[in-house]
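Engineer: Using this note's numbering, read the sequence shown as starting at -11 and increasing by one per residue. Think of the CB as a built atom: it goes at the ideal place given N, C-alpha and C, for glycine as much as any other residue.
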Amino acid sequence: MSKKALITGVAGQDGGHLAKLLHDKGYVVFGIVRGQMEASHPRYQAIMKEMPFLNIVMADLLDLSALTHAMQEIKPDEVYNLAAISHVGYSFRDPILTADVTGKGVLNMLEAIRLAGLEKTTRFYQASTSEMFGGLDYNRPDTGYTEDAIFHPRSPYGVAKLYGHWITRNYRESYDMFALSGILFNHEGERRGPEFVTRKISQAVARIKTGKQESIELGNLDAKRDWGYAGDYVEGMWLMLQQDKPEDFVLATGETHSIREFCELAFKEIGIEIKWNGEGAKETGVDAASGKVLVKINPEFYRPAEVDLLLGNPSKAEKQLGWKRKVDFPGLVKLMVEYDLKAEVGTR
Ligand code: NAP
Ligand code: F7E
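(1) Heavy atom of the ligand F7E less than 8 Å from the Cβ of Phe41, yes or no?
(2) Using only the heavy atoms of the ligand F7E, determine whether one of them is closer than 8 Å to the beta carbon of Ser74.
(3) Residues bridged to Met46 by DSSP?
(4) Would you call the CB atoms of Val185 and Ile247 closer than 9 Å?
(5) Between the stretch 130 to 146 and the stretch 195 to 202, can you find at least three pairs of beta-carbon atoms closer than 8 Å?
(6) Using CA atoms only, rank isn't needed, just tell me which of Glu205, Lys322 and Glu306 is closest to Gly259.
(7) Buried or exposed: where does Glu26 fall if 16 or more other Cβ atoms within 10 Å of its Cβ makes it buried?
(8) Hey, how far is the Cα of Val315 from the Cα of Phe289?
(9) From what residue to what residue does the beta strand (DSSP E) around Glu66 run?
(10) Can you tell me whether Met126 is buried or exposed? The criterion is at least 16 other CB atoms within 10 Å of its CB, across all chains shown.
(11) In chain order, what residues of the same chain lie with their CB nearer than 6 Å to the CB of Phe112, ignoring the 5 residues before and after it?
(12) Can you tell which of Glu107, Glu249, Pro40 and Tyr221 has its C-alpha closest to the C-alpha of Leu6?
(13) Looking only at DSSP bridge pairs, what is Val222 linked to?
(14) Which ranges does the alpha helix (DSSP H) cover as unbroken runs of at least 4 residues, wholly within the stretch 166 to 210, from first to last along the chain?
(15) Taking a contact to mean a Cβ-Cβ separation below 9 Å, would you say Glu351 touches Thr56 in this structure?
(16) Give a single yes or no on whether Gly122 has its beta carbon closer than 8 Å to a heavy atom of the ligand NAP.
(17) Is Gln231 helix, strand or coil by DSSP?
(18) For the beta strand (DSSP E) that contains Arg34, what are its first and last residues?
(19) Measure the Cβ-Cβ separation of Asn174 and Arg213 and say whether it is below 9 Å.
(20) What are the start and end residues of the alpha helix (DSSP H) that includes Asn265?
(21) Quick check: the Cα distance between Pro64 and Gln114, rounded to an integer number of angstroms?
(22) Throw me the rounded Cβ distance for the Asn265 and Glu257 pair, which I believe falls under 8 Å.
(23) Report all residues from its chain with a CB closer than 6 Å to the CB of Gln60; omit the five preceding and five following residues, and keep chain order.
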């Protein structure tokens, strides 16, 4: 009999990649979407167009009764909890909702599994994050963050995720549940939301190339991230739940690059070399050939507390899971700009 998987946040970036992966592996895939849509709703139809195999379940992570009913009806073999308020900048503006969804929502999921009497049979994946480490000077291991590194979250999002991380571990230790966390470093791609910096840049570059946009406004160009491709990371999520015993794993590339580097590579894809002038909020990125200003700083995008540098150490996942990222940094930038260029000229 086919295994059943339930994915929360199925309409998000990772949800789409994971749903397709599990469907290809022969799973019956259920996906939680929030809202009150009927099948005729445009969003419902868009989701079904992309994932025609999907069984949509309407529920909110804040609603324990809806989640419990879903567990009772589906009795999933595997649950992937990807739903969250996931934008770090936004979490400063709406910290209470972030705590409720990104933090307590995890507890609701674990309780729903227990209330449905599935704690001995259902395997649970929690989407933990490198944002829990914080990237401060005192807390930056030279060889990258491992599963045992010290946590020092720097945003309401990071703090809420740390609660989700520890409550998952607590349920594993208290109730012997197969519950674990993947501590994933940034992963991007063609499904990334446009509010995240990589997609914001790749879409702007495509629009600048097609004459639909003049320039892009960004915040901190010097932050560094360990960026991989989302398609590679969902394979790691699945591998974690196939192990004999539940353990947490870091997924990362082991490389770190600045926003500035991402910009330079993205513009290079359309044949533009960027030269940087000035400093701080007055800095600009100009087209070296024409002198046209293409990148401006808007302090609105600065965060009250920043995570300056993230570098992950994926050795445990590589050794124990046999996981390895396939797409490298230049490959990721290329893939995203190419996708957005095709979308702009209407060939996608
Ligand atoms: P995403 O694109 O922002 O997707 C998150 C999904 O959660 C969205 O589909 C959203 O639904 C849903 N959601 C939000 N609030 C909800 C609620 N109250 N009830 C039910 N669903 C709700 O995030 P992602 O990039 O795919 O990331 C997946 C998970 O991994 C997230 O938990 C994220 O925090 C975590 N993570 C991501 C990264 C990364 O680099 N991408 C790294 C580490 C960890 P709507 O579509 O209706 O808004
Ligand atoms: O920011 C800087 C910003 O919003 C990356 C989420 O998936 O990964 C993601 O969180 C960096 C930050 O992602 C802009 O200040 C500059 O230093 O793309 P981001 P994030 O904050 O790293 C982690 C692992 C998660 O878990 C999260 O869910 O880029 N930056 N200028 C900007 N960021 C944005 N969004 N927009 C700008 O204009």
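Structural biologist: In short, the structure shows the following:
(1) Not under cutoff, so the answer is no.
(2) Indeed, a heavy atom of the ligand F7E lies less than 8 Å from the Cβ.
(3) Looking at the DSSP output, Met46 shares a beta bridge with Val21.
(4) Yes.
(5) Output reads no: the stretch 130 to 146 does not touch the stretch 195 to 202.
(6) Its Cα nearest to that of Gly259, the residue Lys322 stands out among Glu205, Lys322 and Glu306.
(7) Glu26 counts as exposed, since fewer than 16 other beta carbons sit within 10 angstroms of its beta carbon.
(8) So the alpha carbons of these two residues sit roughly 28 Å apart.
(9) DSSP places Glu66 in the uninterrupted beta strand (DSSP E) bounded by Glu66 to Asn69.
(10) Residue identity check: residue 126 is Tyr in the sequence provided, not Met. Around the beta-carbon of Tyr126, fewer than 16 other beta-carbon atoms lie within 10 Å, marking it exposed.
(11) Answer for Phe112: Val67 and Ala167, listed in chain order.
(12) The shortest C-alpha separation from Leu6 is found at Tyr221.
(13) Note: Val222 sits in no beta bridge, so no partner.
(14) The qualifying runs are 185 to 197.
(15) Lying before the first or after the last residue shown, residue 351 is absent from the chain, which here runs from -11 to 336.
(16) No, the Cβ of Gly122 stays beyond 8 Å of every heavy atom of the ligand NAP.
(17) Coil, per DSSP.
(18) Residue identity differs from the one stated: residue 34 is Ala in this sequence, not Arg. Here Ala34 belongs to no beta strand (DSSP E); instead the alpha helix (DSSP H) covers Pro30 to Glu38.
(19) Yes, Cβ-Cβ distance for Asn174 and Arg213 is below 9 Å.
(20) No alpha helix (DSSP H) holds Asn265; the beta strand (DSSP E) holding it covers Ile262 to Asn265.
(21) So the alpha carbons of these two residues sit roughly 15 Å apart.
(22) That belief does not hold up - the Cβ atoms of Asn265 and Glu257 are roughly 22 Å apart, past 8 Å.
(23) Apart from the 5 residues on each side of it in sequence, Gln60 sits with its Cβ closer than 6 Å to the Cβ of Ala104 in its chain, given in chain order.
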